[in-house]
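Trainee: The following block contains the structure, expressed as structure tokens.
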Amino acid sequence: MNKKAHFISFEGPEGAGKTTVIQAVLPYIEELSQRKVLLTREPGGNPVAEAIRNLLKAQTEPEIDPWTEALLLAASRREHVVQTILPALKADQVVVSDRYLDSSLAYQGGARHLGMADVQEINDFAVRNPENGEAVLPELTIYLDLPVEIGLERIFSNRTDKIDRLDQAGLDFHQQVRNSYLQLAQENPDRIQTVDATQSPEEVLTAVKAIIEENWR
């Protein structure tokens with residue numbers, strides 16, 4: 001990495017422990033960067049995007065069309081970029097997002113079989129900076145990798161009050177998600193740093209801190 005990351009995203013399959021790691025590492029990022037840190041998430045991050053999140057999380061009958069899902073996520077991401085991420089970056093804050101574009105590529109592009117290239121194409125509009133036309137992308141993405149069986153076991157053992165329709169997708173779906181993430185990490189080694197999430201929480205946090213420290217040297 002050739003520049004300090006003011007925009008950091010965290011990615012991972014279900015049950016990887018992203019939210020826990022992010023909460024634990026935020027004070028460290030703030031101390032290291034000497035900047036205010038904005039924590040946000042996808043889908044979500046502002047009222048319009050959060051409304052879309054609630055729609056996507058709900059169980060529907062019939063099941064939502066995969067392209068509708070992808071387009072709604074892109075619309076949510078657009079609001080997130082324009083209303084939340086760019087203002088924070090302009091204010092010289094560090095933005096930490098729980099999921100971003102890679103999630104759409106892995107879940108909709110890979111697991112929903114829409115194709116990563118096609119999902120990337122619709123998101124090219126979503127992440128475009130309205131002032132200069134450049135893509136608003138993280139300088140650093142930390143991917144927490146975890147075998148699917150372990151992740152799903154964690155979900156159904158510990159998160160019974162939060163299980164949503166994605167959690168209930170089949171094993172093959174979640175394996176496709178993980179395979180897609182691994183492909184993205186292989187294709188983007190300068191941006192995506194992989195952490196083994198089968199380690200203890202303390203070991204995972206230590207690994208994440210080391211990556212962030214290396215980035216801010």
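Using full-length UniProt numbering, read the sequence shown as starting at 1 and increasing by one per residue. Each residue gets a CB set at the ideal place from its N, CA and C atoms; glycine is no exception. This structure is a prediction, so every number in the text was calculated from the model and none was measured.
Taking 9 Å as the cut-off, decide whether the C-beta atoms of residue 82 and residue 130 are in contact.
Mentor: Yes, the pair counts as a contact, with Cβ atoms nearer than the cut-off.
Trainee: Does the distance from the C-beta atom of residue 211 to that of residue 140 stay below 9 Å?
Mentor: Cβ atoms of residue 211 and residue 140: closer than 9 Å.
Trainee: Taking the continuous alpha helix (DSSP H) assigned at residue 21, which residues delimit it?
Mentor: 18-33 is the span of the alpha helix (DSSP H), which, as asked, contains residue 21.
Trainee: Nearest-angstrom Cα distance between residue 234 and residue 206?
Mentor: Past the boundaries of the shown model lies residue 234; the chain is included only from 1 to 217, so the question cannot be answered.
Trainee: DSSP on residue 180, reduced to helix/strand/coil?
Mentor: Three-state result, residue 180: helix.
Trainee: Thinking just about the alpha-carbon of each residue, which of 137, 217, 200, 104 is nearest to the one in residue 56?
Mentor: With distances taken between Cα atoms, residue 56 lies closest to 104.
Trainee: Where do the N-terminal and C-terminal ends of the beta strand (DSSP E) with residue 193 fall, by residue?
Mentor: Run containing residue 193: 192-196, per the beta strand (DSSP E) assignment.
Trainee: Is it true that the CB of residue 106 sits closer than 9 Å to the CB of residue 184?
Mentor: Contact flag set, yes.
Trainee: From residue 38 to residue 76, what distance separates their C-alpha atoms?
Mentor: Taking the straight line from one Cα to the other gives about 18 Å.
Trainee: With burial defined as no fewer than 16 other Cβ atoms inside 10 Å of the residue's Cβ, what is the status of residue 102: buried or exposed?
Mentor: Buried: at least 16 other Cβ atoms inside 10 Å.
Trainee: Is DSSP giving residue 134 helix, strand or coil here?
Mentor: If DSSP states are grouped into helix, strand and coil, residue 134 belongs with coil.
Trainee: Name the residue from 202, 142, 200 whose alpha carbon lies nearest to the alpha carbon of residue 13.
Mentor: For residue 13, the nearest C-alpha among the options comes from 142.
Trainee: Taking only runs of the alpha helix (DSSP H) that begin and end inside the region 45-90, which ones reach a length of at least 4 residues, in chain order?
Mentor: You should have 47-57, 66-80, 86-90.
Trainee: Quick check on the DSSP output: the beta strand (DSSP E) that includes residue 213 runs from which residue to which?
Mentor: Looking at the DSSP string, residue 213 is not in any beta strand (DSSP E); the run it does join, the alpha helix (DSSP H), is 201-215.
Trainee: DSSP puts residue 97 in a beta bridge; with which residues?
Mentor: DSSP output for residue 97 lists 9, 40 as bridge partner(s).
Trainee: State the beta-bridge partners of residue 143 as determined by DSSP.
Mentor: For residue 143, which the question treats as bridged, DSSP gives the partners 11, 194.
Trainee: Are the Cβ atoms of residue 69 and residue 108 separated by less than 9 Å?
Mentor: Against a cut-off of 9 Å, the Cβ pair of residue 108 and residue 69 comes out as a contact.
Trainee: Would you kindly work out how many angstroms separate the C-alpha atoms of residue 8 and residue 54, rounded to a whole number?
Mentor: Roughly 24 Å between the two C-alpha positions.
Trainee: Would you check whether the ligand ATP has a heavy atom nearer than 8 Å to the C-beta of residue 104?
Mentor: Because no ligand of any kind appears in the structure shown, any question about the ligand ATP cannot be addressed here.
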